[in-house]
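Heads up, the thing below is written out as structure tokens.
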Amino acid sequence: MYRTTEDSRIQISELMKPSHANFGGKIHGGYILSLMDNIAFACASKHSRSYCVTASVNKVNFLNPIEVGELVTMKASVNYVGKSSMVVGIRVESENIRTGKVKHCNSSYFTMVAIGEDGKTVTVPGLILTNKLAAKRFIKSIIRKESDSKRSEDLENLYKNLDQHLEQLKNHRVKINFK
Ligand SMILES: CC(C)(COP(=O)(O)OP(=O)(O)OC[C@H]1O[C@@H](n2cnc3c(N)ncnc32)[C@H](O)[C@@H]1OP(=O)(O)O)[C@@H](O)C(=O)NCCC(=O)NCCS
1 MYRTTEDSRI QISELMKPSH ANFGGKIHGG YILSLMDNIA FACASKHSRS
51 YCVTASVNKV NFLNPIEVGE LVTMKASVNY VGKSSMVVGI RVESENIRTG
101 KVKHCNSSYF TMVAIGEDGK TVTVPGLILT NKLAAKRFIK SIIRKESDSK
151 RSEDLENLYK NLDQHLEQLK NHRVKINFK
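Structure below.
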């Protein structure tokens with residue numbers, strides 16, 4: 001079975017309340033992450049018609065602060081499907097209500113995995129790519145997955161050969177004082 005990216009596309013808007021601000025008057029990053037996780041869950045569950053769990057997030061750069069009173073809009077769509085996993089792309093924008101000025105706050109990719117009633121992973125529907133943008137997003141997800149697994153491999157090797165890498169610490173603000 002296949003579904004289009006439009007079938008599960010979701011958009012939410014929420015006005016940022018003072019109760020979600022930090023001491024500097026900006027909205028907490030953790031609150032935004034929580035909203036993003038909710039929309040990723042909704043989007044992946046809609047595509048898969050299963051409840052989903054968040055397997056990983058790649059990656060969140062907060063490009064611009066969000067102020068109290070701004071209208072935050074999040075747009076989510078399934079960018080990629082594997083067997084039981086889906087990558088949900090989320091774009092976050094905030095709008096100043098008075099001026100109408102819109103800021104891009106971040107774009108992130110949540111990997112969600114569909115879980116069946118027995119608690120095991122389930123195969124999700126494939127994706128029908130109805131335009132070039134959807135194809136580009138799918139290919140970008142493949143590239144991101146490949147570079148993530150290469151990075152994990154490199155880090156694993158680093159731990160195995162730590163002594164060889166200690167030299168590069170010379171240029172950093174650390175003192176080596178192993179006990
Ligand atoms: C995500 C989870 C279900 C994967 O379970 P698993 O036993 O490793 O299952 P599998 O090895 O069969 O992997 C299932 C799919 O998840 C993907 N996956 C697993 N871990 C992943 C990770 N860290 N990042 C991205 N994808 C991941 C696999 O690539 C696989 O994809 P595919 O089916 O499309 O090929 C399991 O690790 C889990 O339940 N994690 C906790 C999730 C959670 O509680 N999230 C909320 C955090 S508080």
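Residue numbers for the sequence shown follow the UniProt record's numbering, beginning at 1 and rising by one. Glycine included, each C-beta is placed from N, C-alpha and C at the ideal position. For clarity, every value in this text was computed on a predicted model and none was experimentally measured.
(message) Run the Cβ filter for me: residues under 5 Å from any heavy atom of ligand 1, listed in the order they occur in the chain.
(response) Any residue whose Cβ sits closer than 5 Å to a heavy atom of ligand 1 makes the list: Val53, Thr54, Ala55, Ser56, Gly82, Lys83, Ser84, Ser85, Thr111, Val113 and Thr121.
(message) Closer than 8 Å is the cut-off here; do at least three beta carbon pairs connect the segment 13 to 28 with the segment 63 to 74?
(response) Under the three-pair Cβ rule at 8 Å, the segment 13 to 28 counts as touching the segment 63 to 74.
(request) Evaluate phenylalanine 178 with the Cβ neighbour count: other Cβ atoms within 10 Å of its Cβ, from every protein chain shown; 16 or more gives buried, anything less gives exposed. (result) By the 16-neighbour rule on beta-carbons within 10 angstroms, phenylalanine 178 is exposed.
(request) Go ahead and pull the three-state DSSP assignment for glycine 119. (result) Three-state DSSP puts glycine 119 in coil, outside helix and strand.
(request) Could you tell me which residues DSSP pairs with alanine 135 in its beta bridges? (result) Per DSSP, alanine 135 has no beta bridge partner at all.
(request) Take threonine 4 as the anchor and find which of Val57, Tyr80 and Tyr51 has the nearest alpha-carbon. (result) Measuring from the Cα of threonine 4, the nearest candidate turns out to be Tyr80.
(request) Return the CA-CA distance between residue 180 and lysine 26, expressed in angstroms with no decimal places. (result) Outside the modelled stretch of the chain, which goes from 1 to 179, sits residue 180, for which no answer is possible.
(message) Please tell me whether isoleucine 32 and isoleucine 66 are closer than 8 Å, where the distance is taken between their beta carbons.
(response) Yes, these two residues count as a Cβ contact at 8 Å.
(request) Could you tell me which residues DSSP pairs with glutamine 11 in its beta bridges? (result) Looking at the DSSP output, glutamine 11 bridges to Lys75.
(request) For the beta strand (DSSP E) holding histidine 89, just list the boundary residues, first then last. (result) Per the sequence shown, residue 89 should be read as glycine rather than histidine. Where glycine 89 is concerned, the enclosing beta strand (DSSP E) starts and stops at 85 to 95.
(message) Bridge partners for cysteine 52 per DSSP, in chain order?
(response) Per DSSP, the beta-bridge partners of cysteine 52 are Ala114.
(message) Does asparagine 64 pass the burial test, meaning 16 or more other C-beta atoms within 10 Å, or should it be called exposed?
(response) Per the 10 Å Cβ criterion, exposed.
(request) Pull up the DSSP beta-bridge partners for histidine 172, would you. (result) DSSP output for histidine 172 lists no bridge partner at all.
(request) Indicate whether isoleucine 142 and cysteine 52 have their beta-carbon atoms separated by less than 8 Å. (result) Not a contact, by the Cβ cut-off of 8 Å.
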